[in-house]
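4 protein chains.
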Amino acid sequence: MDLTALTLNCTLKRSPEQSNTEALARVVDNALAEHDVATEMIRVVDHDVKPGVTSDEGDGDEWPAIRERILAADILVIATPTWLGKPSSIAQRVQERMDALLSEQDDVGRPVAYNRVAGVVVTGNEDGAHHVIAEVAQSLIDIGFTVPGQAWTYWNAGPGPGPTYLEADHGREWSATTGRAAAANLVAVAGALKAMPIPPPPT
Amino acid sequence: MDLTALTLNCTLKRSPEQSNTEALARVVDNALAEHDVATEMIRVVDHDVKPGVTSDEGDGDEWPAIRERILAADILVIATPTWLGKPSSIAQRVQERMDALLSEQDDVGRPVAYNRVAGVVVTGNEDGAHHVIAEVAQSLIDIGFTVPGQAWTYWNAGPGPGPTYLEADHGREWSATTGRAAAANLVAVAGALKAMPIPPPPT
Amino acid sequence: MDLTALTLNCTLKRSPEQSNTEALARVVDNALAEHDVATEMIRVVDHDVKPGVTSDEGDGDEWPAIRERILAADILVIATPTWLGKPSSIAQRVQERMDALLSEQDDVGRPVAYNRVAGVVVTGNEDGAHHVIAEVAQSLIDIGFTVPGQAWTYWNAGPGPGPTYLEADHGREWSATTGRAAAANLVAVAGALKAMPIPPPPT
Amino acid sequence: MDLTALTLNCTLKRSPEQSNTEALARVVDNALAEHDVATEMIRVVDHDVKPGVTSDEGDGDEWPAIRERILAADILVIATPTWLGKPSSIAQRVQERMDALLSEQDDVGRPVAYNRVAGVVVTGNEDGAHHVIAEVAQSLIDIGFTVPGQAWTYWNAGPGPGPTYLEADHGREWSATTGRAAAANLVAVAGALKAMPIPPPPT
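Chains as they are written, first to last, in this note's numbering: chain Y, 2 to 204; chain P, 2 to 204; chain B, 2 to 204; chain X, 2 to 204.
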C-alpha cells in the first residue's frame, strides 16, 4: 500500500540552525521510510505562516502551500519543542490554521481529515512531554485525524532545565525505540483506514 | 462484524442517583447499539475500586472485574463529569488502574490495548470539556488505545456555573448529533482494526 | 499606593479589526482604573514579535519594547482567545519570550518577576477557558509572578461552536462581575507585595 | 508573624508504605519549619474521603476533619505523584471536595480561601510535573487561594519510565533547592496577605 507522511517541525529555530526536534523527528521519519512510506519534512518557522484561522490569510501567507502538503499525506507528524511545559507557538499556530479544516469536507461529505492518522514527537530541555502530546493530540482528534495508540515519542532530561537531546546521552535509546514503535503504529492504522475507510455520514 | 463496547461512567454519584453523565453517555451507547454493537455500561463509583496502579490491589478490590470487561470490549468509552475543569477523581482512578495494562501483552506480544478504540463523553455545569477530552485521550493513547477522529461529545453551559445537562435545553441537540457521529467513527475504526490489526512488533 | 497595569491582548486579529478579547479585557482594565491603577493595553499581533526565547531576537524584533512595558508594570494581565481549547499562538509566543525573564534578576538578586502579580482574561466561541487559565497561570508562576485567587474572568458559549462575546448576551454579566472581582484581587495582592515584598534569597 | 502550613500528601500508597511524594514534600515542610511556620502533613489515602462535591458526604466521610485543617492553615501544599502525566486520583478527590469552599464565605463576606496561599510538590517516575502543577494551581486559584511565584518543586527522571525519587540521585539537589525557594516564597506572600489582606467586596 502506498502511504505518504508529512512531518511539521515546529521548532522556534530557523534553518540552518540545528534543531533538536528535527533530530528526534528524523528517527520517526526514517522508520516510516523503512515501512516504504514516502516522507517529507517541513520546518514551519522558515515560512511566513500568518496568524488567523482561515485557510488563506492573504498578504504573503505561506500556509496554503503547507496545507496542501497536509492534505496530500496519509500520516501527519507534529514535532515540537517544549517551552514552559507547552507546545511551541509555532505548533499552536499550525493547530490554529488547521482549525479551518473542521469545516471542509471531501467529495463524499466527510471532514477532510477523516481517514488520516497523526502522531506527535516532542523534545525539551525540561519536563512537559506528556502534556504536549495531550494538547496536540486533542487538536488533531478535534479536527478529525485518528491518533493510533502509542503514536508518539519524546525526549527530555528531568528535573529542572538541562541539556538538549543532541547534547545528552541519557534516554536517547528509549526515545528512538519508542519512536520506531510509533512509526509502525502510524503505518498500520493508516493502512487499515485506507483499506476500510470511515464511511460518509448517512444522508 | 461483531463488535462490543463498554462505557465506564465516572460520575461521582452512586446509583440510583440521577447522573447527567450517564444521560449523555446513553446517547452514544444507543447509537453504538444501532450499529449492532453489543453495549454495556458500568457506573464505576458503585464499585470499590482501590487506589493503586496494579491490576489487583487485593482486599475487596473490585477493579479486576471491571478490567475483565475492558479487555472483552473492542470499544471503550470513558464518560466523566467536569470538576474544576478536569475529569472526575473516578475517571482519574480508572486511568491509574489501566496504567497496569501498559506492561501486559497479548499472545503475539502486542500491548493488550492495541487494536481497541476509545472515545470520551463529557458533561459539566461549567466549562472544561476540551481539556477533559485531552486528558483522557492522552492516557488512552499512552496505554495503546487508538482514538478515532471526533470520537467524543460533550455538553456544558457557559460561562460560569449553570444548569446541568438534564435541566437545560441549550445545546443538547448539538451534543446528541456530535455523539452519534462519535459512535459512527468508533465503530468504523474498530472494524478496520479488527479486519486489519496492528501487527506484532518484529522479533 | 501607585500601581501600574499592563494588559497584553493576544488576539489573532490585527487592529483595527474588532477583538472580542479586547472587549472583555476592557472590563478588567476599567475596573483596575477605578482602583486608581495606571493602565495600558498592547495588542501584541500588531507588533513583530519574533520566535525565540531570548529577550532580543534582533532583526526588527519588537519584543524588547513590550518586555520593557512588562517590567514597568506591577500587574500583568494576559488576555487571549481560545482556539481548539487552547491559548492563542500569540499568547504562547508571549510566554516563550517571557521565558528569558527566568534568568534575569533585580538588583538584590530576585528573579525580576517576583513581587509582580498577574491575571488572565479568556474569550472563546467554544469551551476551553479553565484550561487556558491553567496554561497561562502556570507559565506566569514558573516565571515568578504571583497569581492572586480568582484573578481571572472568561466568557464563552457552550456547547459547540457559537456566537462571539460581542454578539451574545448569554453570561456577559457573570463575566463582567467576575472580571471586576479579579481586578480587585490583583490590586490588593499587588499592593500587599509592594508594601511587604518577597525578600532576596539568603546569601 | 505566626503562620501555619498544611501539606496534603496525595500518594496512592497507604501508610506505612514508603511515599516518594512524602519524601520530597518533607524538604518543603522542613524549610517552612525553618521559617518558624507550624507545619502539619496528612496522607489523604489513609482516610476515607468519599466522592462528592459537598463539605460533608456523610456515612463515615473523613473529609470534614481534613477540611477543618485546611481552614486552620495559612499555607496549603498539595503534594502528588504523577500518573499518566496527571495528578493522582487522590489529588483530584481533594480538589473536588475543596470545590465546596467556593460557596463559603468568611464573616466579612470573602470566599474562605482568600488570603491563604498554596504551593505544589510533584514527584513521578515519568514526565508530567509542569502539567500537574498547572492542573492543581488552577483549581487552587479558582477556589480563591493565591499562588506565589515559583511556589512549587518537582522531581522526575526522563524520558520514559524510570527510578523513583528515593531510588535516584539525578536532580535531587535541584528539587531540594527549588523546594526551599518555594517555601520562602509561600512564607513571604502568606505574611504579606496576613498583614494586608484582600479586603471584603464592596457592599
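Even glycine gets a Cβ: it sits at the ideal position worked out from N, Cα and C.
- Within the region 144 to 173 of chain Y, the residues whose Cβ lies closer than 9 angstroms to some Cβ of chain P are ILE144, GLY145, PHE146, THR147, VAL148, PRO149, GLY150, GLN151, ALA152, TRP153, listed in chain order.
- Under the 7 angstroms criterion on CB atoms, GLY61 (chain P) is classed as non-interfacial with respect to chain X.
- Sequence-distant Cβ neighbours of ARG98 (chain X) in its own chain, meaning closer than 6 angstroms and more than five residues away, are TRP64.
- For VAL113 (chain B), the CB contacts under 8 angstroms within the same chain, skipping 5 residues up- and downstream, are LEU72, LEU102, GLU105, GLN106, ASP107, GLY145 in chain order.
- Chain Y places a beta carbon closer than 7 angstroms to that of PRO52 (chain B), counting this residue as a contact.
- Distance between GLU127 (chain Y) and VAL28 (chain X), taken at the CA atoms: about 22 angstroms.
- Against chain Y, the beta carbon of GLN139 (chain P) has neighbours under 7 angstroms at HIS131, ILE134, ALA135, ALA138, listed in chain order.
- Rounded to whole angstroms, VAL38 (chain P) and ASP75 (chain P) show a C-alpha spacing of 9 angstroms.
- With fewer than 16 other Cβ atoms inside 10 Å of its own Cβ, GLN19 (chain B) counts as exposed.
- For LEU72 (chain Y), DSSP assigns no beta-bridge partner whatsoever.
- Counted as a single uninterrupted DSSP element, the stretch harbouring VAL122 (chain X) is not any alpha helix (DSSP H) but the beta strand (DSSP E) occupying residues 118 to 124.
- Sorting P:GLY150, P:ILE91, P:TRP156 by C-alpha distance to the C-alpha of VAL122 (chain P) places P:TRP156 at the top.
- Residues of the region 182 to 203 of chain X whose Cβ lies closer than 8 angstroms to any Cβ of chain B, in chain order: ALA182, ALA185, ASN186, ALA189, VAL190, GLY192, ALA193, LEU194, ALA196, MET197, PRO198, ILE199, PRO200, PRO202.
- The beta-carbon of ILE142 (chain B) is placed less than 7 angstroms from the nearest beta-carbon of chain X.
- In this structure, the straight-line span from the alpha carbon of SER16 (chain X) to that of LEU141 (chain P) is close to 30 angstroms.
- Closest in alpha carbon position to ALA169 (chain X), among X:MET197, X:GLY125, X:GLY192, X:ASP49, is X:GLY125.
- Taking all protein chains shown into account, THR147 (chain X) has 16 or more neighbouring C-beta atoms within 10 Å of its C-beta and is therefore buried.
- As for any alpha helix (DSSP H) of minimum length 4 sitting wholly inside the region 76 to 123 of chain X, the runs are 90 to 99, ordered along the chain.
- DSSP lists P:VAL123 as the bridge partner or partners of TYR155 (chain P).
- DSSP links VAL29 (chain P) through a beta bridge to no other residue.
- For SER90 (chain P), the C-beta contacts it makes with chain X under 7 angstroms involve PRO52, SER90, GLN93, ARG94, GLU97, in order along the chain.
- The beta carbon of TRP64 (chain P) does not come within 7 angstroms of any beta carbon belonging to chain B, so the residue lies off that interface.
- Secondary structure at THR165 (chain B): coil, using DSSP grouped into helix, strand and coil.
- Looking from the CA of THR178 (chain P), the closest CA among P:ARG111, P:THR81, P:ALA32 belongs to P:ALA32.
- Residues of chain Y whose Cβ lies closer than 7 angstroms to the Cβ of VAL46 (chain B) are, in chain order, PRO52.
- Within the model, the alpha-carbon separation for PRO88 (chain X) versus VAL133 (chain X) is close to 5 angstroms.
- If you check the CB distance, LEU187 (chain P) and ALA152 (chain P) come in under 7 angstroms.
- According to the DSSP assignment, VAL38 (chain P) belongs to the beta strand (DSSP E) that extends over 38 to 44.
- Relative to the Cα of VAL45 (chain P), the nearest Cα in the group P:ASP57, P:ARG94, P:ARG111 belongs to P:ARG94.
- The C-beta distance from THR55 (chain X) to ALA6 (chain X) rounds to 26 angstroms, too long to fall under 8 angstroms, and the pair is not in contact.
- Among the residues of chain Y, those whose CB is under 9 angstroms from the CB of GLY86 (chain B) are GLU136, GLN139, SER140, ASP143, following chain order.
- For THR147 (chain P), there is no enclosing beta strand (DSSP E), as DSSP marks it with neither H nor E.
- Listed along the chain, the chain X residues whose CB falls inside 7 angstroms of the CB of ALA114 (chain B) are GLY150.
- One thing to note: TYR115 (chain P) has its Cβ no nearer than 7 angstroms to the Cβ of ALA24 (chain P).
- Between ILE91 (chain B) and LEU13 (chain B) a beta carbon distance of about 6 angstroms is seen, short of the 8 angstroms cut, so the two are scored as contacting.
- LEU4 (chain Y) has Y:VAL38 as its beta-bridge partners, per DSSP.
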